[in-house]
Structure formats: C-alpha cells, structure tokens
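Working notes, structure below.
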Amino acid sequence: VRRLGVLTSGGDCAGLNAVIRAVTYRAVRSYGWKVFGIIDGTMGLMERPLRYRELDLDMFSGNMLREGGTFLGTVNRGDPFNYPMPDGSHKDRSLDFVDGFNKLALDALIVIGGDGSMKILSQLCDLGGIGMVGVPKTIDNDVHGTDFAVGFTTAVNVVTEALDRLHPTAASHHRVMILEVMGRDAGHIAVNAAISGGADVALVPELPYRLDSIARKIEEVIREGRNHALIVVAEGCKTEDGTPATVAHSHGQMRYGGIGAYLSDKIAAMTELETRVTTLGHVQRGGTPSTRDRLLASAFGVHAVDMVAEGKLGRMVAWQERGVTDVPLEEVCIGPRSLETEGTLIKVARGLGIYVGEPQP
Ligand code: F6P
Numbered sequence: 002v003r004r005l006g007v008l009t010s011g012g013d014c015a016g017l018n019a020v021i022r023a024v025t026y027r028a029v030r031s032y033g034w035k036v037f038g039i040i041d042g043t044m045g046l047m048e049r050p051l052r053y054r055e056l057d058l059d060m061f062s063g064n065m066l067r068e069g070g071t072f073l074g075t076v077n078r079g080d081p082f083n084y085p086m087p088d089g090s091h092k093d094r095s096l097d098f099v100d101g102f103n104k105l106a107l108d109a110l111i112v113i114g115g116d117g118s119m120k121i122l123s124q125l126c127d128l129g130g131i132g133m134v135g136v137p138k139t140i141d142n143d144v145h146g147t148d149f150a151v152g153f154t155t156a157v158n159v160v161t162e163a164l165d166r167l168h169p170t171a172a173s174h175h176r177v178m179i180l181e182v183m184g185r186d187a188g189h190i191a192v193n194a195a196i197s198g199g200a201d202v203a204l205v206p207e208l209p210y211r212l213d214s215i216a217r218k219i220e221e222v223i224r225e226g227r228n229h230a231l232i233v234v235a236e237g238c239k240t241e242d243g244t245p246a247t248v249a250h251s252h253g254q255m256r257y258g259g260i261g262a263y264l265s266d267k268i269a270a271m272t273e274l275e276t277r278v279t280t281l282g283h284v285q286r287g288g289t290p291s292t293r294d295r296l297l298a299s300a301f302g303v304h305a306v307d308m309v310a311e312g313k314l315g316r317m318v319a320w321q322e323r324g325v326t327d328v329p330l331e332e333v334c335i336g337p338r339s340l341e342t343e344g345t346l347i348k349v350a351r352g353l354g355i356y357v358g359e360p361q362p
C-alpha cells in the first residue's frame with residue numbers, strides 16, 4: 002500500500018477542496034492507497050510534532066466539492082530555505098521538511114500550488130529525492146504550461162458579477178465606476194472579466210496606458226449615448242509614469258493596491274464625471290467553485306494520482322487543448338506567465354472597442 006501526501010500551498014482559491022477530494026477518491030478507491038493531508042502547507046512537515054491527517058472517503062461525504070478555501074490550510078510563515086526566526090535571523094529549514102516527509106514514510110507528494118509554491122516545493126523535493134506531482138491553482142492564472150489553473154474562472158465570475166452590479170448604479174448616478182481586481186503582475190482576471198462584464202476600459206500590467214486615452218474613451222462612450230462607464234484595473238498596474246501606486250508590505254511580501262484610487266482622482270479631474278472605486282480584494286478568492294473549476298479540480302486530482310501510479314514524477318498536471326495532460330516542472334518554474342499582449346483576449350477586447358492600453362512599441 003502506498004502512502005501519498007497532499008498539501009495546499011500559497012494563496013487559497015475556490016476549488017482546492019475539490020482537488021483534495023479527487024486525489025483521495027482516486028487514490029483510495031482505485032488504488033487502495035493511504036492518503037495523508039498535510040496541514041498548513043509546508044509548515045505541517047516542518048513542525049514537530051508533524052501536523053497531518055489521514056484522509057478517508059468519509060471526510061468527503063459532505064460539502065467538500067462545493068466548499069471554498071482549503072480545509073488543510075495554507076499558512077506561509079516564510080521560505081523554508083530562508084526561514085525567518087523569532088530573533089530576526091534567518092535559517093535554512095529545508096531539511097526539516099525533508100525529514101518530515103521521511104518520518105511520515107510517504108512515497109510521493111501532490112502539491113497544489115501556484116508558480117511560486119511550485120518552484121519552492123520542487124526545490125525541496127529535489128533536495129530530499131521526493132517524488133512530486135504539482136497541481137496548478139491560482140486566481141491569477143499565471144502558471145506556465147497550463148491554459149487554466151484551479152480557482153481562476155471562479156474569480157473571473159466574481160468580478161463579472163461585480164460589474165453586473167456596478168452597471169445599474171453607475172447608470173443611475175451617471176458615474177464612472179472603477180473596479181480594482183487582483184492578479185498580481187498579470188492581467189488575466191482583468192481582461193477576461195472586462196470582456197464578460199461589458200467594461201469600457203481594461204488596464205493590465207502588461208500594457209502601458211495613457212490617461213488622456215482613457216478620458217477620450219469615456220467621452221466617446223458618452224457621445225454614443227451612455228451616461229456612465231465601467232473601468233477594470235488590475236492591481237499590478239502602475240501609474241501613468243510607471244511608478245507604483247502604493248505599495249504596502251505584508252509578511253515581508255510586496256502587496257498591491259491603490260491604483261484604483263489614483264485613476265479615480267485623475268479621471269474625475271479630466272472628465273468632470275463623478276468617479277467611484279471598488280476594490281474587490283479577497284472576495285475573489287472565496288466562495289463556491291464554478292462548474293469549470295470543479296471539473297478542472299476533479300480532472301487534475303485524478304490525473305495527478307495516476308501519474309504517481311505510473312511513476313511519472315517531477316511534473317505538473319495541466320490543461321491544454323481540451324484535455325488534461327502534464328508538463329515537466331522545469332518548464333513551469335520560470336516565473337509567472339503574463340497575459341499575451343498579442344493574444345486572442347486582447348484582440349477581442351480591442352475588437353469590442355474596449356480600451357486596453359496602448360499598442361506595444
Ligand atoms: O496570488 C493570488 C493573490 O490573491 C493575488 O491576486 C494577490 O495579489 C495576492 O494573492 C494577495 O495575497 P495575500 O492573500 O497575501 O494578501
């Protein structure tokens with residue numbers, strides 16, 4: 002009987018529990034293996050006593066497929082290779098993780114994570130000779146090698162619904178509504194939702210923009226007979242001259258925010274229209290997963306366990322060309338995947354007359 006570990010790492014999103022469920026169903030029902038859920042990501046294997054729970058079929062008799070978040074937890078107190086200690090110093094604790102894996106006598110580890118987690122976990126697994134299979138998840142959809150990561154379409158649905166709700170209030174008050182959305186340095190959420198939610202402007206970090214072009218777009222919309230406009234801006238966008246809008250720090254990591262407020266002031270001054278800002282924040286991460294995310298999570302979970310069974314390790318499951326497949330981790334761990342500035346979505350947005358920034362030089 003093989004012993005399989007599964008953990009969630011990095012920011013949560015909708016569909017994580019659905020992946021854990023699919024992994025457990027496949028491993029227990031089809032192969033008769035034991036599955037161990039590691040609590041709080043890498044922390045569960047680094048701390049002593051080890052923190053984990055054996056996952057059995059009973060646990061999934063309730064609502065797991067539908068529940069947002071991750072019931073295993075995903076706490077990040079720092080990079081295990083450079084772990085922050087209470088006295089302010091840093092220590093390499095990577096061997097604690099490897100030792101934890103060995104103490105639990107696991108045969109392989111399924112890591113559900115985004116691009117950052119995939120990189121750190123693959124380094125940890127290489128160090129310990131641990132067989133790893135990755136499952137991509139992130140609302141940002143910026144993982145290389147896969148068309149979709151778990152959690153993305155749910156987040157796009159949330160943003161689209163926000164635009165649906167902002168539209169009538171914008172119309173009632175003749176206002177420009179600015180919606181700041183997540184995505185880190187990528188504009189996947191922003192452009193997908195801007196198209197689906199009928200926005201007039203979609204600003205993404207991958208393309209420079211001009212404030213006067215935004216003002217012209219709003220004037221055009223008003224000339225066409227509308228009394229309001231909707232703007233979606235990705236949190237990773239900078240001010241017009243390329244400086245960060247505001248940068249806060251949390252757990253030593255760079256955080257975003259503030260670009261919506263910046264645009265609001267500028268646009269109000271340039272167009273004499275009233276502006277209002279909504280920052281959606283972590284609302285985009287919670288809630289029940291979309292149908293698409295449930296399907297993806299289920300397909301990924303089953304495929305990941307099959308890969309372990311076949312000894313196909315050091316790879317990440319992926320969705321490409323209408324099906325589930327897998328790619329080597331080296332091809333994934335090369336940093337975040339940006340939105341293609343000449344891709345279909347930018348073309349569709351431009352085709353609809355949405356201002357998505359200036360063409361690249
Ligand atoms: O990567 C997912 C994400 O939600 C980003 O879109 C966002 O910038 C970041 O995580 C927020 O991180 P935290 O949960 O640490 O505030």
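All residue numbers in the sequence shown are consecutive under the numbering used here, ending with 362.
Each residue gets a CB set at the ideal place from its N, CA and C atoms; glycine is no exception.
Is it right to say residue i is buried, meaning 16 or more other beta carbons lie within 10 angstroms of its own, or is it exposed?
i      : result
Thr50  : Reading off the sequence shown, one finds Pro at residue 50, where the question assumed Thr. Burial call: exposed.
Val270 : In the sequence as presented, Val is not what sits at residue 270; that position holds Ala. Burial call: exposed.
Asp27  : It should be pointed out that residue 27 corresponds to Arg in this sequence rather than to Asp. Classification of Arg27: buried, given that the 10 Å Cβ count is 16 or more.
Leu164 : buried
Thr292 : exposed
Pro169 : exposed
Glu181 : buried
His229 : buried
His91  : exposed
Val303 : buried
Gln285 : buried
His252 : Per-residue confidence for His252 stands at a pLDDT of 49, beneath the threshold of 50, marking its modelled position as unreliable; the derived number appears in the next sentence. Classification of His252: exposed, given that the 10 Å Cβ count is below 16.
Ile113 : buried
Just to confirm the assignment, what range does the alpha helix (DSSP H) spanning residue i have?
i      : result
Val151 : First-last for Val151: undefined, no H or E at that position.
Ala270 : Ile260 to Thr272
Leu122 : Asp116 to Gly129
Thr25  : Leu17 to Thr25
Ala203 : It is not in any alpha helix (DSSP H) - Ala203 instead sits in the beta strand (DSSP E) that spans Val202 to Leu204.
Val349 : Thr345 to Gly352
Is the separation between the beta-carbon of residue i and that of residue j shorter than 9 Å?
i      : j      : result
Val222 : Ala191 : no
Pro290 : Ala15  : yes
Ala106 : Ser299 : no
Arg277 : Leu66  : no
Val134 : Leu297 : no
Pro369 : Gly79  : This structure cannot speak to residue 369, because the chain is shown only from 2 to 362.
Leu73  : Ile111 : no
Asp307 : Ala319 : no
Val36  : Leu56  : yes
Gly152 : Ile140 : yes
Ser123 : Ser10  : no
Leu167 : Met183 : no
In terms of residues, what are the limits of the beta strand (DSSP E) holding residue i?
i      : result
Tyr1   : What the structure shows of the chain is the stretch from 2 to 362, and residue 1 is not part of that stretch, so it cannot be assessed.
Arg316 : Arg316 to Gln321
Leu73  : Here Leu73 belongs to no beta strand (DSSP E), and DSSP marks it neither H nor E.
Glu275 : Glu275 to Thr280
Phe37  : Lys35 to Ile39
Val182 : Arg176 to Val182
Leu5   : Arg4 to Thr9
Ile232 : Ala230 to Ala235
Report whether the distance from the Cβ of residue i to the nearest heavy atom of the ligand COA is below 8 Å.
i      : result
Trp320 : Only the ligand F6P can be found as ligands here, which leaves the ligand COA out of the picture.
Quick check on this structure: which residue in the options has the alpha carbon closest to the alpha carbon of residue i?
i      : options                           : result
Leu231 : Glu241, Gln285, Glu322 and Leu274 : Leu274
Asp108 : Gly6, Ile21, Phe153 and Gly135    : Gly6
Ile355 : Gly45, Glu181 and Ala195          : Ala195
Asp93  : Asn83, Thr154 and Gln124          : Asn83
Arg217 : Tyr53, Ile268, Thr154 and Gly38   : Ile268
Met100 : Pro81, Asp327, Arg185 and Arg323  : The residue asked about is misnamed: residue 100 is Asp in this sequence, not Met. The option with the nearest alpha carbon to Asp100 is Pro81.
Arg22  : Ser339, Leu46, Arg4 and Glu68     : Glu68
Glu162 : Asn193, Gly146 and Asp148         : Asn193
Arg351 : Glu332, Val309, Leu204 and Ser10  : Leu204
Asp266 : Met317, His229, Gly312 and Leu212 : Leu212
Gly146 : Ile347, Met178 and Gly324         : Gly324
Gly12  : Pro137, Phe149, Ser123 and Asn64  : Pro137
Thr154 : Arg227, Gly287, Ile113 and Glu236 : Gly287
Leu125 : Cys238, Val284, Ser339 and Gly42  : Gly42
Gln361 : Leu208, Ile260, Gly115 and Asn64  : Leu208
Glu331 : Asp59, Leu96, Val233 and Arg316   : Arg316
Ser173 : Leu46, Ile347, Arg227 and Gly198  : Arg227
Gly115 : Asn103, Thr272 and Val144         : Val144
Asn142 : Arg176, Pro245, Arg185 and Ser214 : Arg185
Glu359 : Ser214, Glu341 and Gly243         : Ser214
Strictly under 9 Å for the Cβ-Cβ distance: is residue i near chain B by that measure?
i      : result
Tyr356 : Looking for chain B here will not work: only one protein chain is present.
- Can you list the residues near the ligand F6P, meaning Cβ strictly closer than 5 Å to any non-hydrogen atom, in the order they appear in the chain? Gly12, Asp141, Met183 and Arg185
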